[in-house]
Every structure is written in C-alpha cells, then in structure tokens.
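Peer 1:
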Amino acid sequence: MAWLPPEDLPPPRVPTSEVAALVDAGPPGPDNPVTVAAVFWTAVTEPDGPNLDVLSVIVTPESWRGWGTFAGPAELLLGYGMASEATPSVDDPDVVYITYLRDTGETTGPPPDMVLVGDIAIATLVRRPRLGGWRVHALGDYVRPENVPHDDQAPLR
0 MAWLPPEDLP PPRVPTSEVA ALVDAGPPGP DNPVTVAAVF WTAVTEPDGP NLDVLSVIVT
60 PESWRGWGTF AGPAELLLGY GMASEATPSV DDPDVVYITY LRDTGETTGP PPDMVLVGDI
120 AIATLVRRPR LGGWRVHALG DYVRPENVPH DDQAPLR
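First residue of the sequence shown? That's 0 in numbering that gives the first Met the number 0, and the numbers climb one at a time after it.
1. Please state whether DSSP places V158 in a helix, a strand or coil.
2. With three or more C-beta pairs closer than 8 Å as the rule, is the stretch 84–95 touching the stretch 56–63?
3. Once DSSP output is grouped into helix, strand and coil, what is the label at A36?
4. For the alpha helix (DSSP H) that contains G65, what are its first and last residues?
5. Helix, strand or coil for P87 per DSSP?
6. Since Y96 contacts A85 with CB under 8 Å, what's their CB separation in whole angstroms?
7. Determine the direct distance from the alpha carbon of P148 to that of Y141, and round the result to whole angstroms.
8. Any idea what DSSP makes of G80, helix, strand or coil?
9. Counting C-beta neighbours from all protein chains within 10 Å, is the total for L76 16 or more, i.e. buried, or is it exposed?
10. Could you compute how far the alpha carbon of D30 sits from the alpha carbon of W133?
11. For the beta strand (DSSP E) that L124 lies in, which residues bound it at each end?
12. Could you tell me the alpha carbon to alpha carbon distance between T68 and A37, rounded to whole angstroms?
13. What are the boundary residues of the beta strand (DSSP E) that L100 is part of?
14. Please confirm whether V53 and A42 have their CB atoms less than 9 Å apart.
15. Please tell me whether A73 and T44 are closer than 9 Å, where the distance is taken between their beta carbons.
16. Along the chain, where does the alpha helix (DSSP H) containing D52 start, and where does it finish?
The structure is reproduced here in structure tokens:
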C-alpha cells in the first residue's frame, strides 16, 4: 500500500448507527445498495436469530446455500457498525462493497492510514435488475466482480 500524506487521505470510516447510515445513504429501497446492506445487517442480527424470510429476498440465489443458517454472519456482525456509503468496484459498476466496522465505543479510532485486522468485514453486493435490485452476495472480504453472478451471464460454478 502506498503511503499518502495526511491531506490526501480520505476521511476515516467510523461505525455509525443503522439509522445514521440509512439517513446518510439517500433514498431507501432495493435500488440503494446501502439500504440493502442495512436490511441484511438487521435481518442477520435479529435478537431471535436471523430472519430467513427477509434474507431470502436480499441475498443472491447463487449464494443462498453457502450462507447456511446465517449463524456465522450473525455472530460476526454483532457489535459492528456500518459505513454509510458504498465503495464501487473499479472494474464493474454493478458490484459495490459495504464496510462493516467493529464498534469499539471509542470516539477516536486508529490512525486513518491503518486498518486493524478483524475490525472490518466487507459485504459484496451486486446489482441484479431481474431480481429487483441490489443483492448481497458475500460477507468477509472483497469478492472480485468476475466471481459475482450477474443477470447477463451464465451461472458461476
């Protein structure tokens, strides 16, 4: 990673509440990837366990089986906040990434040029017009666009 002077660094990402993330994200709905990521976050971390009915309409059908009971994402996302903007893939406008950050309860975080391993989780979302909008495909690390299903391609193996 290249070193940048402080004035060239982007503002640090800080965890926000779900409400703050949604307000900052713009109009809600399936065409807003931040809204979809917030609904995913909420459905996964429901107090009574993941809401599979909601999750079935916001994750890609191709990834459904791999999620299992969503126990892994539920455990991972407890105690995390969500960034209020999506980071587009540089290679594909139909793929974006949403960052979930561990909420440490501190008002000051690490230096802005530092990422603490285990303190972030990345959701990969893909725009699927035939399915009604954005869908979550993966959680954990960035998934390259060529490894994400699109409406205009054959199913991934």
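Idealized CB from N, CA, C, for every residue including glycine.
Peer 2: Judging by the given coordinates:
1. With the chain covering only 0 through 156, there is no way to say anything about residue 158.
2. At 8 Å Cβ cutoff, the stretches do not touch.
3. Indexing the sequence shown from 1 puts residue 36 at position 37. Three-state DSSP puts A36 in a helix.
4. Here residue 65 corresponds to residue number 66 of the sequence shown, with the count starting at 1. 63–66 is the span of the alpha helix (DSSP H), which, as asked, contains G65.
5. Looking up residue 87 in the sequence shown gives position 88. P87 falls in the strand class under three-state DSSP.
6. In the sequence shown, the residue the question calls residue 96 occupies position 97. In the sequence shown, the residue the question calls residue 85 occupies position 86. With 8 Å as the limit, Y96 and A85 qualify as a contact, their Cβ atoms being about 7 Å apart.
7. Locating residue 141 in the sequence shown gives position 142, counting from the first residue. Locating residue 148 in the sequence shown gives position 149, counting from the first residue. Rounded to the nearest whole angstrom, the CA to CA distance from Y141 to P148 is 14 Å.
8. Sequence index remark: in the sequence shown, residue 80 carries index 81 (1-based). Correct three-state label for G80: strand.
9. Translated into positions along the sequence shown, residue 76 becomes position 77. Buried is the call here.
10. Within the sequence shown, residue 30 is the residue found at index 31, counting from 1. Within the sequence shown, residue 133 is the residue found at index 134, counting from 1. If you take the alpha carbons of D30 and W133, they lie about 6 Å apart.
11. As a position in the sequence shown, residue 124 is number 125, starting the count at 1. Segment 119–127, the beta strand (DSSP E) holding L124.
12. Within the sequence shown, residue 68 is the residue found at index 69, counting from 1. Within the sequence shown, residue 37 is the residue found at index 38, counting from 1. The straight-line gap separating the alpha-carbon atoms of T68 and A37 is approximately 19 Å.
13. The residue labelled residue 100 in the question sits at position 101 within the sequence shown. Residues 94–101.
14. As a position in the sequence shown, residue 53 is number 54, starting the count at 1. As a position in the sequence shown, residue 42 is number 43, starting the count at 1. For V53 and A42, yes; Cβs fall inside 9 Å.
15. For the purposes of this step, residue 73 is taken as residue 74 along the sequence shown, with counting starting at 1. For the purposes of this step, residue 44 is taken as residue 45 along the sequence shown, with counting starting at 1. T44 is positioned such that its CB atom lies closer than 9 Å to that of A73.
16. In the sequence shown, the residue the question calls residue 52 occupies position 53. Looking at the DSSP string, the run of the alpha helix (DSSP H) that includes D52 is 51–54.
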